[in-house]
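Asks: My structure is below; once you've seen it, I'll send some questions.
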Amino acid sequence: MIRYTSGYICAPVTAARAKKLSLPQMVVDNADPNRTAYAVSVDASTRHGISTGISAADRSVTCRLLADDSATAEDFRRPGHILPLQSRDGGVRQRRGHTEAATELCRLAKLPEVGVICELITDGEEKEGVAERVGGGMMRRDDCLAFGKKFGIKVCTIEDLVRYVEDTEGKLEGVVGVDY
17 MIRYTSGYIC
27 APVTAARAKK
37 LSLPQMVVDN
47 ADPNRTAYAV
57 SVDASTRHGI
67 STGISAADRS
77 VTCRLLADDS
87 ATAEDFRRPG
97 HILPLQSRDG
107 GVRQRRGHTE
117 AATELCRLAK
127 LPEVGVICEL
137 ITDGEEKEGV
147 AERVGGGMMR
157 RDDCLAFGKK
167 FGIKVCTIED
177 LVRYVEDTEG
187 KLEGVVGVDY
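Okay, here's the thing in structure tokens:
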């Protein structure tokens, strides 16, 4: 997840899971234009064998622990390197965002409703003589579909997911769209 992304790893969780694990909102007054519900960042506690929390292995332990039904608030230290995001009750029928899509897919698969997401990015071009790139940015729909094809990863859009859930479970009123 780190090589092709910004490395900013988020873990969408349900409101019930956030409450159980004592994951309060990062801020009281959320000014995020997409209303993403960031919780306080976490790492697994050292009793789970992690060191600083930043390595891919440490972050994997933290994400797996967030999805473990036996985990408690004491299994985590704060702040950390994984950013839990609280999904809205009602999933993608309530808010059409990446957070809700992740927990919705887990629910449909009958797995713990905890996902792991990152923004896929394009590399851009190397800038001669300096250690930076220009022209890169977040992948959009078509780039994501091409990425999936290149690596043999099945891809669906949030709209595909909304359509499936509404067709099988019905619509909800008052849906909040997220503009990406």
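Going letter by letter, the sequence shown gives residues 17 to 196 in our numbering. Heads up, the beta-carbon is just placed ideally off N, CA and C, and yes, glycines get one too. Please read all numbers here as calculations on a predicted model, not as lab measurements.
Taking the runs of the alpha helix (DSSP H) that are 4 residues or longer, which of them lie wholly in the segment 143-169?
Replies: 157-167
Asks: Is E141 helix, strand or coil by DSSP?
Replies: Against the sequence shown, residue 141 aligns to sequence position 125. Annotated three-state conformation of E141 is strand, per DSSP.
Asks: Counting C-beta neighbours from all protein chains within 10 Å, is the total for A100 16 or more, i.e. buried, or is it exposed?
Replies: Here residue 100 is taken as the residue at index 84 of the sequence shown, counted from 1. The displayed chain sequence assigns Pro, not Ala, to residue 100. With 16 or more Cβ atoms within 10 Å of its Cβ, P100 is classed as buried.
Asks: Taking 7 Å as the cut-off, decide whether the C-beta atoms of P28 and A162 are in contact.
Replies: By 1-based counting over the sequence shown, the position of residue 28 is 12. By 1-based counting over the sequence shown, the position of residue 162 is 146. Between P28 and A162, the C-beta spacing is not below 7 Å.
Asks: Would a C-beta distance cut-off of 7 Å place S86 and T30 closer than the cut-off?
Replies: As a working mapping, residue 86 is identified with position 70 in the sequence shown. As a working mapping, residue 30 is identified with position 14 in the sequence shown. In this structure, T30 does not lie closer than 7 Å to S86 by Cβ.
Asks: What do you get for R112, buried or exposed, if any count of 16 or more other CB atoms within 10 angstroms of its CB means buried?
Replies: On the sequence shown, residue 112 is found 96 positions in, with the first residue counted as 1. Buried is the label assigned to R112, since at least 16 other Cβ atoms lie within 10 Å of its Cβ.
Asks: For G186, which residues in the same chain have their Cβ closer than 6 Å to its Cβ, ignoring the five residues on either side in sequence?
Replies: The residue labelled residue 186 in the question sits at position 170 within the sequence shown. Hits under 6 Å: none found.
Asks: Given that a residue counts as buried once 16 or more other Cβ atoms are within 10 Å of its Cβ, and exposed if not, what is F92?
Replies: By one-based count along the sequence shown, residue 92 stands at place 76. Buried, by the Cβ-count rule.
Asks: Pairing CB atoms from the segment 126-143 with CB atoms from the segment 18-27, are three or more of them under 8 Å?
Replies: yes
Asks: What are the partner residues of C26, as DSSP defines its beta bridges?
Replies: Numbered from its first residue, the sequence shown carries residue 26 at position 10. In DSSP, C26 forms a bridge with L99 and I133.
Asks: Would you check if the distance between the CB atom of E120 and the CB atom of V130 is smaller than 7 Å?
Replies: Translated into positions along the sequence shown, residue 120 becomes position 104. Translated into positions along the sequence shown, residue 130 becomes position 114. Result no, Cβ atoms of E120 and V130 do not sit closer than 7 Å.
Asks: Alpha carbon to alpha carbon, what distance is there between E175 and V181?
Replies: Counting from one through the sequence shown, the residue named residue 181 turns up at place 165. Counting from one through the sequence shown, the residue named residue 175 turns up at place 159. Each residue's alpha carbon lies about 10 Å from the other.
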